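Numbering (our numbering), first residue to last: 4 to 318.
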C-alpha cells in the first residue's frame, strides 16, 4: 500500500470524524527504550480494533525513548492511524521543521503539539532544554507549511497537510486560557485535555470554551486509577489534575482498587459521550483495560462484541 493511500484512510478515520463531530476514541503507545519494538507493537495489537487513532508519545516525562517520528512511521506501515506527539523541549526551529517534513513524507498526518516536561523531571536531568519555539509558534509554523512556506516565509516543495492539535488542562487560569485562544488561532484543529476525574469541573471548562468562542473538537483525557496511592500522587503532583474527595473515598473503601478505578473510568467515559468530541485513554501500561472501559461504556461496535464472544466460545 502506498503512503498516499495510508494517509487518505488515516485522514478519513480521524480528521473527518472530528469534523463531523462523531465521538472519537484514541489510545496511546510509548515507544521502547531500545530498538526492540515487539512488546510495544504487541500493546498496539491489543487496542487497535477499539480506537480511531493512536497517540505516540515523545519521550514522555522527559525520559528517553525511541523517536516518536520513527515509531509513528512503523505504525503507519502496519496501517495504524497515528497522532504523533511533538514537544518543544528537545528541538530548535530547524529540527522542528525538519521532523515535521520528515513525518509528512513518511505518511504521518496528525500531530499533537505540547511544551514537554523539563529535563530535570526525567532520567537525564543534565540534558539542556531547548524550548526555542513554544506550542503557539509551532502551530503557526505548521500553518505556514500548509501554505507552502517555512517559518521564514521561504517556499517548501511538495504538499504538506498536518491535522495539528494542542493540549490543555481543564482548570485554566486567565493566562492559560489566553494561550489556548492563541493556539486555536494559530491553527490547532482539536484540543486534547489532561486526565479528567471531576466531571463538574470539566463541564465548567467546556462552558468556558463556549463563552470564549473557542469552537474546535475537544477530546477528554482519561487515566484509569489503579491504586489510592496513584490517585494521591496525581492529585498532588500533576498540574491541572484535581481528584474530588468522593473518588478518594471510593478508592479508599474499595476491596479491589484497580477494579474500582475501572468502574470510575467507565462512568467518566459515559459522561464524556454526552459532553465532548471524544476520549483519549492513557492506560499506563494496562492496555487490555482499554477494551474493558469501552465495552462498559457501550462504545464497542456490535461486530467487535460478536467477534469477542465467538473467540471466547471457541476457547
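Backbone N, C-alpha and C fix where the C-beta goes; we use that ideal spot for every residue, glycine too. Here the structure is a predicted model, which is why all the values come from computation and not from measurement.
Residue i versus the options, residue with shortest Cα-Cα distance
i, options, result
"residue 133", "113, 92 and 153", "92"
"residue 34", "144, 61 and 145", "61"
"residue 162", "96, 107, 20 and 284", "107"
"residue 258", "231, 203, 271 and 96", "231"
"residue 182", "123, 197 and 138", "138"
"residue 235", "94, 252, 222 and 283", "252"
"residue 86", "113, 69 and 99", "113"
"residue 47", "300, 288 and 298", "288"
"residue 74", "120, 38, 191 and 243", "38"
"residue 216", "78, 21, 260 and 187", "187"
"residue 136", "218, 51 and 90", "90"
"residue 80", "227, 111 and 226", "111"
"residue 272", "157, 191 and 201", "201"
"residue 125", "66, 238 and 292", "66"
"residue 21", "64, 101, 192 and 157", "192"
"residue 209", "71, 103, 260 and 175", "175"
"residue 268", "250, 279, 214 and 280", "250"
"residue 3", "270, 292, 159 and 218", "Past the boundaries of the shown model lies residue 3; the chain is included only from 4 to 318, so the question cannot be answered."
"residue 204", "180, 246 and 225", "246"
"residue 242", "179, 221, 299 and 302", "179"
"residue 150", "164, 184 and 185", "164"
"residue 290", "302, 227 and 248", "227"
"residue 2", "270, 248, 211 and 190", "With the chain represented from 4 up to 318, any question about residue 2 goes unanswered, as that position is not in the structure."
Test item: CB-CB of residue i and residue j under 8 Å
i, j, result
"residue 17", "residue 84", "yes"
"residue 284", "residue 45", "no"
"residue 275", "residue 296", "no"
"residue 170", "residue 223", "no"
"residue 76", "residue 109", "yes"
"residue 199", "residue 168", "no"
"residue 172", "residue 196", "yes"
"residue 261", "residue 229", "yes"
"residue 97", "residue 55", "no"
"residue 100", "residue 144", "yes"
"residue 244", "residue 233", "no"
"residue 206", "residue 278", "yes"
"residue 105", "residue 72", "yes"
"residue 221", "residue 211", "no"
Neighbour-count burial assignment, residue i, 16 or more Cβ in a 10 Å radius
i, result
"residue 306", "Because the pLDDT at residue 306 is just 39, under 50, the model does not fix this residue reliably, and the point stays unresolved."
"residue 166", "buried"
"residue 95", "exposed"
"residue 255", "exposed"
"residue 294", "buried"
"residue 318", "Bear in mind that the predicted position of residue 318 carries a pLDDT of just 35, short of 50, making it unreliable; the figure below should be weighed with that in mind. Exposed, since its Cβ has fewer than 16 Cβ neighbours within 10 Å."
"residue 263", "buried"
"residue 50", "buried"
"residue 64", "exposed"
"residue 123", "exposed"
"residue 119", "buried"
"residue 292", "buried"
"residue 158", "exposed"
"residue 131", "exposed"
"residue 286", "buried"
"residue 42", "exposed"
"residue 160", "exposed"
"residue 36", "exposed"
As assigned by DSSP and simplified to three states, the class of residue i
i, result
"residue 150", "coil"
"residue 225", "strand"
"residue 28", "strand"
"residue 73", "helix"
"residue 168", "strand"
Beta carbon proximity, residue i to chain B, threshold 8 Å
i, result
"residue 258", "Given the protein chain composition of this structure (a single chain), no chain B is represented."
Beta strand (DSSP E) runs wholly inside the region 75 to 145, at least 3 long, in chain order = Entirely contained in the region 75 to 145, the beta strand (DSSP E) runs reaching 3 residues are, in chain order, 85 to 90 and 113 to 117.
Inside the region 252 to 297 only - beta strand (DSSP E) runs reaching at least 3 residues = The region 252 to 297 contains these whole beta strand (DSSP E) runs: 281 to 284.
Taking only runs of the beta strand (DSSP E) that begin and end inside the region 171 to 205, which ones reach a length of at least 3 residues, in chain order?
-> Within the region 171 to 205, the complete beta strand (DSSP E) runs of at least 3 residues are 193 to 198.
Only counting runs of 3 or more residues, tell me where the beta strand (DSSP E) segments fall wholly within the region 34 to 75, in order along the chain.
-> Complete beta strand (DSSP E) runs here, min 3: 56 to 59.
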